[in-house]
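First residue of the sequence shown: 113, per the numbering used here; consecutive thereafter.
The beta carbon of each residue, even a glycine, is placed where N, CA and C say it ideally should be.
Quantities reported herein were computed from a predicted structural model and do not represent experimental measurements.
To keep things clear, I will list the structure first and then write my remarks on it.
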Amino acid sequence: AIPPAAATAPLELGEADDELEGDDDELDADAPDRDDAELARMTLPARPEWMDKYAGSSPDERFLDIAALMQAHGLDRARAVELQNHFRDLTRQDPDGDRGAQYSLALRRAKAGEFEDGRDPARLAAAPFIVVFDLDETLYDQGIADPAVAKACHDLEVPVEGKDPRLVRLTPGWADAIHRIDALGGEVVLFSANRDDVTWENLRAWTLDGVPIHQHPAVAAVMTNSHLVLQPKQAGQPVGEPSKDLRIVDAELSRAIIVDDNPLRLFQFRNVRVFKKFQADVACVTKDAAAARAYEGALKEVVDEIEESVRYMKSHPGVGFAQAYLPYTTLGRLAVDWLRAAGRSEKQAISHVRVHPELVDEKF
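Put into structure tokens, the structure is as follows:
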């Protein structure tokens, strides 16, 4: 990702970090070859560029084997994925640089627990529940096709070097959603699959309570395109499309959900709340009163579900948030509809799924 302006200045390539155990590469003549060899081992087979619409935004967009990194270096998943992010940042800073040296520095940063957005892993670990929000067409729309609509219907003018400002429309209710989740004691995480530079430009221009949103105390972490992962079958369910892995914020998948309009970049569907795309082109000009109300109330409905699930969790000791929210997820909703077809009411079906989570499929 492209780091926020307030981020701590990173180490430079070649800068010693004597506090990190085993960081003696400067004294080891074989270190460069070893770094190159390990990077090759940790690199998953390349995907054709045509398979990913965001491909080509970085000089080196390789995906690393996250499970292998965790095993080889004793990293937790969040640090292993952040290693991939650091590596891509370093290749942007120096496109012609030594890839083995860049990998070695990214590894040192990951071991040191450096997170580009300054997140506190202990804060996420202590959260009773975590709501991850996608950005594009979930919390905002930056792809308004009609210039006239964009000019008349935008909330943000995002400065873009050498170009006209990018006009962004925020989804109705976004601020209230974040405030309500914060008031309930949960943590909010932002996660975009879009290009890193575009995402950070938007975040710097977007404020909540007068504070840039990525620095607001109600936002616990930000992740972008470089945090998407692939996963070989040896590590479990194969993931062939660059995807958002909720285990970055909740290793056990017991406390986190993601609200996202695009299931194609997700794979943990017991924790996914699919969101109807927010399309400013339609929302700003529709004469359909029902559609207008739906756009206005969509995020509120999601947070109402979250609030109801938190109440259930608190009144049922031993039930985690993911289980309490399960009836509203993609796979949970299938089980609810299945029970309704057998004669249960909506309320009865939701209750039954919470008591019998085993009825919900583990995956598609």
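Just mark residue i as buried or exposed, buried being the case when its beta carbon has 16 or more other beta carbons within 10 Å.
i	result
F476	exposed
H428	exposed
S457	exposed
K459	exposed
K356	buried
E138	Per-residue confidence for E138 stands at a pLDDT of 48, beneath the threshold of 50, marking its modelled position as unreliable; no derived number is given.
D147	buried
G444	buried
Q196	buried
M163	exposed
H266	buried
D449	exposed
L438	buried
L315	buried
V467	exposed
G168	exposed
Specify the secondary structure class of residue i as computed by DSSP and reduced to three states.
i	result
I418	helix
R278	strand
Y407	helix
A262	helix
D229	coil
L320	strand
Q254	coil
V94	Residue 94 falls outside the range modelled here, since the chain spans only 113 to 476, and no answer is possible.
F245	strand
A224	coil
A447	helix
E269	strand
E138	Confidence is the limiting factor: at E138 the pLDDT is only 48, short of 50, which leaves the residue's position unreliable and the question unanswerable from this model.
A363	coil
V467	helix
A158	coil
A167	coil
I'd like the span of the beta strand (DSSP E) that includes residue i, first residue to last.
i	result
P354	V351 to S355
E173	E173 -> no beta strand (DSSP E), and no H or E assigned at all.
L202	Segment R189 to Q205 is the alpha helix (DSSP H) holding L202; no beta strand (DSSP E) there.
Q346	From DSSP, Q346 is part of no beta strand (DSSP E); its letter is neither H nor E.
A332	V331 to M335
Tell me the rounded alpha-carbon separation between residue i and residue j.
i	j	result
R405	T398	10 Å
D142	A332	40 Å
V415	A239	17 Å
L176	V341	8 Å
A184	P144	18 Å
A222	A264	44 Å
T203	A218	10 Å
Y407	D246	16 Å
I256	L279	8 Å
D373	L411	12 Å
R200	A317	23 Å
A152	A453	52 Å
R382	T442	6 Å
K165	G430	42 Å
K275	T311	16 Å
E194	P354	15 Å
G322	D362	29 Å
E133	A180	Any reading at E133 must be qualified, since the residue scores a pLDDT of 44, below 50, and its modelled position is unreliable; the value itself is stated next. When rounded, the distance between both Cα atoms is 20 Å.
Q205	G212	15 Å
D136	A347	Reliability of the predicted coordinates at D136 is poor, the pLDDT of 46 falling under 50, and the value obtained from them is presented with this limitation in mind. The straight-line gap from Cα to Cα measures roughly 31 Å.
A295	I178	34 Å
I290	L320	9 Å
P479	D248	In this structure the chain extends from 113 to 476, so residue 479 is not present and cannot be described.
R292	L365	22 Å
V277	L187	Reading the sequence as shown, one finds Pro at residue 277 and not Val. Approximately 40 Å between the Cα atoms of the pair.
D210	D172	12 Å
E417	G297	15 Å
T481	C396	Outside the displayed span of the chain (113 to 476) sits residue 481, for which this structure offers no information.
In terms of residue numbering, what span does the alpha helix (DSSP H) encompassing residue i cover?
i	result
D308	D308 to A317
R382	No alpha helix (DSSP H) contains R382, which DSSP labels as neither H nor E.
M154	A143 to M154
V477	This structure cannot settle anything about residue 477, because the visible part of the chain is limited to 113 through 476.
D373	Note, D373: premise wrong, no alpha helix (DSSP H); not H, not E.
Y437	F433 to Y437
Q183	I178 to H185
Report back the beta-carbon spacing between residue i and residue j to the nearest angstrom; my notes put them in contact at under 8 Å.
i	j	result
A436	Y424	5 Å
E299	R359	Actually they are not in contact, since the Cβ atoms of E299 and R359 sit about 15 Å apart, beyond 8 Å.
I242	A368	4 Å
V261	D393	6 Å
V244	I370	4 Å
A305	R191	Not really, about 21 Å apart at Cβ, beyond 8 Å.
Less than 8 Å between CB atoms is the rule here; does residue i satisfy it with respect to chain B?
i	result
A179	No chain B is part of this structure, which consists of one protein chain only.
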